[in-house]
Amino acid sequence: MEMETRGWRILLLLLVTLVMVVKLDPFQRWGGFQEKSMSMKNMNATLHFFIQSFNNASNDTYLFQVQKLIQSQMQLTTGVEYLVTVKIGRTKCKKSEERKASCPLQKNKLKKTLICMFLIYTVPWVNYYQLWNNSCQDG
């Protein structure tokens, strides 16, 4: 009987949590963006997701990689939103080639750098990432 009661309590708690998540507007803001340092794990995963999304959407023959993190802000919502500015550069690795652990940056006439600002919504504890906004300019 005690196990059955405990099971119902857990089920009720999960149901209440689900209702709260559904009722909350996913775009609701709690406190706005703040400059806080991300954990290295979240930072690496967020930057990796961004550059992978950028490379997949790019028409460039070559892959780009993050060269420098310029600014990082976060805001808590129903997940975590990261507003990040980075400097990225064109590498010598072509998209059609097998992905290598490291790719040197292009030099001379093929050299290209961009400054990109992007907004990523993530629920890191379930490994969910979504690129909401992205804009890049020649750097």
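Heads up: the sequence shown begins at 1 in UniProt numbering, then just goes up one per residue.
C-beta: ideal position from N, C-alpha, C; glycine also.
How big is the Cα-Cα spacing for residue i and residue j?
i: L110; j: W125; result: 39 Å
i: E97; j: Q73; result: 34 Å
i: L76; j: G32; result: 8 Å
i: I115; j: K100; result: 23 Å
i: N59; j: V84; result: 22 Å
i: L105; j: K92; result: 6 Å
i: Q103; j: E35; result: Looking at the sequence itself, residue 103 is Cys, so the reference to Gln does not match. C-alpha separation (whole angstroms): 30 Å.
i: F27; j: N56; result: In this predicted model, F27 has a pLDDT of only 48, less than 50, meaning its place in the structure is not dependable; the value taken from the coordinates is given anyway. Those two C-alpha atoms are separated by around 26 Å.
i: F50; j: Q130; result: 9 Å
i: K41; j: K112; result: 28 Å
i: N44; j: K107; result: 25 Å
i: C136; j: R9; result: 50 Å
Taking 7 Å as the threshold (C-beta atoms), are residue j and residue i in contact?
i: K95; j: L63; result: yes
i: G89; j: Q67; result: yes
Among the options, which one has its Cα closest to the Cα of residue i?
i: V80; options: N127, W132, G139, V123; result: V123
i: H48; options: S135, I120, D138; result: I120
i: G139; options: N133, M117, Q52; result: M117
i: T46; options: C136, Q137, N127; result: N127
Quiz item: Mind pulling the alpha helix (DSSP H) runs of 4 or more residues that sit fully within the UniProt domain "Cystatin" (28-137)?
Solution: 40-57
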